[in-house]
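Numbering (the numbering used here), first residue to last: 2 to 331.
Cβ coordinates follow ideal geometry from the N, Cα and C atoms, glycine included.
Note that the structure is predicted; figures quoted are calculated from it, not measured.
Notes for the one structure printed next.
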Ligand SMILES: NC(=O)c1ccc[n+]([C@@H]2O[C@H](COP(=O)([O-])OP(=O)(O)OC[C@H]3O[C@@H](n4cnc5c(N)ncnc54)[C@H](OP(=O)(O)O)[C@@H]3O)[C@@H](O)[C@H]2O)c1
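Take a look at the structure:
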């Protein structure tokens, strides 16, 4: 077993810890929170023997081999860098960084030191991606793809009543593109490569964060639209339309609910859904394999790194065109 620590105390950390422990490959030894009481309670809740309120001390500690970072996006770069520089493997939540050159810099540090630096984005790690790729081969020529992740934020009511939740605070490099758009960009880049051109628009909130956005990626013979929102709930699925059929995907982030409808009218249910902790468990398993079997996994790991860098670079281009600006851009 490898030993890991966590940064952040939100619900996603609960799910990751559950998935990592369930894999039987990881032991949680330490947690970090800015608040002492929260750190202690979080450690107790998850059975971690140690807790930290000082990140430097945690990074330098011999109590862990790796860290899972689930802090606000604006902190990912400095926190990942700190742990890599102290010889710890890093699994960092999506999106890694707002600027692609920062992702490249972290990848460079990890490579130099023989460490794994990985993005916790489900698309890279879920085995049902193979089912998706096989299904797409049955669609004939694909001309139109709609990738959609619109989910009314649980923090929207607070925002509408005058609060500034983290998710709508651009100082933390959040907003709809960074939070949900990233899930639409990954399949587009992984399945179809880089587009030849694109257009991007955003619905900006008075806070300076984007609440929703629309992107069109143009490929030879194909248009791929990305729609994402924190302001309203989607009623429609993502889908891939081809000359021989259409594949609908209920959740593009979880890669869940695949239905193939052939041109002849046949309907096949190809994949259901899993619990969130199980989805996170696949990330924990890949993280472990890339650390413990570096040679066998070299190609797979390199592909993850390539896609993370590509996604960061396209997110940056989209932000630029749509007018989503962060302080760290200058
Ligand atoms: N993979 C997924 O499905 C998924 C789902 C949700 C989120 N995420 C990603 O996970 C990351 C965290 O998301 P989240 O919604 O949990 O974020 P969040 O609630 O805004 O912050 C995460 C944690 O960081 C600390 N924190 C909060 N505000 C902070 C601030 N202003 N400065 C420094 N630390 C602060 C808090 O921990 P302490 O108070 O204990 O220090 C908090 O639990 C993001 O990168 C997000 O994209 C991924």
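Checking the sheet assignment: what are the DSSP bridge partners for residue 250? By one-based count along the chain shown, residue 250 stands at place 249. Answer by DSSP bridge pairing, in chain order: 239, 259.
Neighbour-count burial assignment, residue 145, 16 or more Cβ in a 10 Å radius: Residue numbering aside, residue 145 sits at position 144 when the chain shown is read from its first letter. Exposed, since its Cβ has fewer than 16 Cβ neighbours within 10 Å.
Flag residue 11 as yes when its Cβ comes closer than 6 Å to any non-hydrogen atom of ligand 1, and as no otherwise. Counted from its first residue, the chain shown places residue 11 at position 10. It does: the Cβ of residue 11 is within 6 Å (strictly closer) of some heavy atom of ligand 1.
Can you tell which of 62, 102, 101, 96 has its C-alpha closest to the C-alpha of residue 83? As a first step, residue 83 is located in the chain shown; it is residue number 82 there, counting from the start. It is 62.
So for residue 284, helix, strand or coil by DSSP? Taking the chain shown and counting its residues from 1, the one referred to as residue 284 is at position 283. Reduced to three states, the DSSP call for residue 284 is helix.
Report back the beta-carbon spacing between residue 96 and residue 2 to the nearest angstrom; my notes put them in contact at under 8 Å. In the chain shown, the residue the question calls residue 96 occupies position 95. In the chain shown, the residue the question calls residue 2 occupies position 1. In fact, because the Cβ distance is near 29 Å, the residues do not count as touching under 8 Å.
Option nearest residue 54 by Cα separation, candidates 60, 40, 116, 65: Taking the chain shown and counting its residues from 1, the one referred to as residue 54 is at position 53. Nearest option by C-alpha distance: 40.
Whose CA, out of 30, 47, 4, lies closest to the CA of residue 336? Residue 336 lies beyond the residue range present for the chain, which begins at 2 and ends at 331; the question has no answer from this structure.
Name the residue from 231, 219, 193 whose alpha carbon lies nearest to the alpha carbon of residue 203. Counting from 1 along the chain shown, the entry for residue 203 is found at position 202. Here the closest residue by C-alpha is 231.
With a threshold of 6 Å (Cβ to nearest heavy atom), would residue 35 be considered close to ligand 1? Along the chain shown, one-based indexing puts residue 35 at 34. Residue 35 Cβ: within cutoff of ligand 1.
Can you give me the Cβ contacts of residue 125 inside the same chain, cut-off strictly under 6 Å, excluding the 5 residues immediately before and after it? Numbered from 1 along the chain shown, position 124 holds the residue referred to as residue 125. So the list reads 305, once near-sequence residues are dropped.
Drop a sphere of 10 angstroms on the beta-carbon of residue 142, count the other beta-carbons inside from all chains shown, and report buried for 16 or more, exposed for fewer. Along the chain shown, read from residue 1 onward, the residue named residue 142 stands at position 141. Under a 10 Å Cβ-count criterion, residue 142 is classified as exposed, with fewer than 16 other Cβ atoms of the shown protein chains found around its own Cβ.
Residue 165 by DSSP, collapsed to three states: which one? Counted from its first residue, the chain shown places residue 165 at position 164. The answer is coil: DSSP assigns residue 165 none of H, G, I, E or B.
Just the C-alpha distance for residue 311 and residue 196, rounded to the nearest angstrom, thanks. Within the chain shown, numbered from 1, the residue matching residue 311 stands at position 310. Within the chain shown, numbered from 1, the residue matching residue 196 stands at position 195. Distance between the alpha carbons of residue 311 and residue 196 is about 11 Å.
Ranges of the alpha helix (DSSP H) found wholly within the region 82 to 119, counting only runs of at least 4: 101 to 114
What residues are listed by DSSP as bridge partners for residue 183? For the purposes of this step, residue 183 is identified with residue 182 of the chain shown, where counting begins at 1. Residue 183 pairs with nothing; no bridge assigned.
Can you find the residues in the same chain that come closer than 8 Å, C-beta to C-beta, to residue 254, ignoring five residues on each side of it along the sequence? Locating residue 254 in the chain shown gives position 253, where the first residue counts as 1. Answer for residue 254: 123, 124, 150, 181, 184, listed in chain order.
Who are the near neighbours of residue 85 in its chain, counting only those whose CB is closer than 8 Å to its CB and skipping five residues on each side? For this step, residue 85 is matched to residue 84 along the chain shown. 91, 107, 110, 111, 114, 116, 118.
Among 259, 325, 290, the one whose alpha carbon lies nearest that of residue 275: Position 274 of the chain shown holds residue 275. Residue 275 has its Cα closest to that of 259, out of 259, 325, 290.
Separation of residue 58 from residue 148, as counted between CA atoms: What you label residue 148 is simply residue 147 of the chain shown in a count that begins at 1. What you label residue 58 is simply residue 57 of the chain shown in a count that begins at 1. For residue 148 and residue 58, the distance between alpha carbons rounds to 42 Å.
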